[in-house]
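Participant: Structure provided below as structure tokens; questions to follow.
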Amino acid sequence: MIKTAEELESKIAPDFSLPDETGKLHNLDSLTQGKKPLLIFFIEKKCPCCLGAKHFVDTLTDKYEKEATVIGVINASGKEAETWRKLTQPHFLVLEDPGQKAIRAYSAERGVYTTLISPDKKIVKAYPGYSLETLKEISAKIADLAGIPDKGFDSIAAPKKLTSGCLFPDPEPISNETP
3 MIKTAEELES KIAPDFSLPD ETGKLHNLDS LTQGKKPLLI FFIEKKCPCC LGAKHFVDTL
63 TDKYEKEATV IGVINASGKE AETWRKLTQP HFLVLEDPGQ KAIRAYSAER GVYTTLISPD
123 KKIVKAYPGY SLETLKEISA KIADLAGIPD KGFDSIAAPK KLTSGCLFPD PEPISNETP
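Here our numbering is used: the first residue of the sequence shown is 3, the next is one more, and so on.
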């Protein structure tokens, strides 16, 4: 899990094209537009750890809303994705990936995996979970990529040890895809 994440560092980020709740497609180019770093939070739709980690991703989103783009990628579409958004009220854009093409392209084995991408579309670091230490590191790396002082990250609620979420199950077949 950690080794797989480390192997992604410095590689060109895989491109993707995923819809938001309105059906608008977003891809790597559109999300790094304006030379902003991109933080991707991978969400397993039924994972309680993703619900807990979402709060910390919201905090990073709020701290760096002008300097970085933060998105969630969920293994759901339609009503399932809408239910997750309504339940959690994320401060970041959530893209739907029911076939898990982007999830697999980024080697996200579990919910709560997070990947930081530089404005030139290279993977800065992939995190196979989160902890207070990783959240502080993500904050510092976003600030560095954006060329601004680190806004810091502190929380008594963040786990001290690396915590990850539920395994992504095999994707359900999409009706317009051939097996």
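We put the beta carbon where it would ideally sit given N, CA and C, even for glycine.
Quick one: which unbroken beta strand (DSSP E) runs of 3-plus residues sit fully inside the stretch 95 to 180? Chain order, please.
Facilitator: 95 to 98, 116 to 119 and 125 to 129
Participant: Whole angstroms is fine: what's the gap from Thr24's alpha carbon to Thr116's?
Facilitator: 24 Å
Participant: Pairs of beta-carbons, one from the stretch 152 to 162 and one from the stretch 28 to 35, closer than 8 Å: are there three or more?
Facilitator: no
Participant: How long is the line joining the alpha carbons of Asp99 and Phe170, rounded to whole angstroms?
Facilitator: 12 Å
Participant: Name, in chain order, the residues that DSSP records as bridge partners for Val59.
Facilitator: Val59 is not bridged to any residue.
Participant: By how many angstroms is the C-alpha of Gln91 removed from the C-alpha of Leu134?
Facilitator: 22 Å
Participant: Under DSSP, the beta strand (DSSP E) around Thr71 begins and ends at which residues?
Facilitator: Thr71 to Ile76
Participant: Would DSSP call Ser12 helix, strand or coil?
Facilitator: coil
Participant: Please report how far the alpha carbon of Trp86 lies from the alpha carbon of Lys47, in whole angstroms.
Facilitator: 7 Å
Participant: State the CB to CB distance for the pair Gly101 and Ile45, rounded to an integer number of angstroms; the pair is presumed to be in contact (CB under 8 Å).
Facilitator: Gly101 to Ile45, Cβ: 15 Å. No contact.
Participant: According to DSSP, simplified to helix, strand and coil, what is Ser79?
Facilitator: Assignment of Ser79 by DSSP, reduced to helix, strand and coil, places it in the coil class.
Participant: Could you tell me how far apart the beta carbons of Lys13 and Lys124 are, in whole angstroms, since I believe they sit closer than 8 Å?
Facilitator: Right, the Cβ-Cβ distance comes to about 7 Å (below 8 Å), so this counts as a contact.
Participant: Whole angstroms is fine: what's the gap from Ile144's alpha carbon to Lys81's?
Facilitator: Each residue's alpha carbon lies about 32 Å from the other.
Participant: Can you tell which of Pro130, Phe43 and Arg106 has the C-alpha that lies nearest to the C-alpha of Ile73?
Facilitator: Phe43
Participant: Rounded to the nearest angstrom, how far is the Cβ of Ala128 from that of Glu11, given a contact under 8 Å?
Facilitator: 7 Å
Participant: What's the call for Pro181, buried or exposed, on a 16-neighbour Cβ count within 10 Å?
Facilitator: Caution applies to Pro181, whose pLDDT of 42 falls short of 50 and renders its modelled position unreliable; the value that the coordinates give is listed next. Pro181 should be labelled exposed.
Participant: Report the rounded CA-to-CA distance for Leu118 versus Glu84, giving the unit in angstroms.
Facilitator: 25 Å
Participant: Could you tell me which residues DSSP pairs with Leu89 in its beta bridges?
Facilitator: Note: Leu89 sits in no beta bridge, so no partner.
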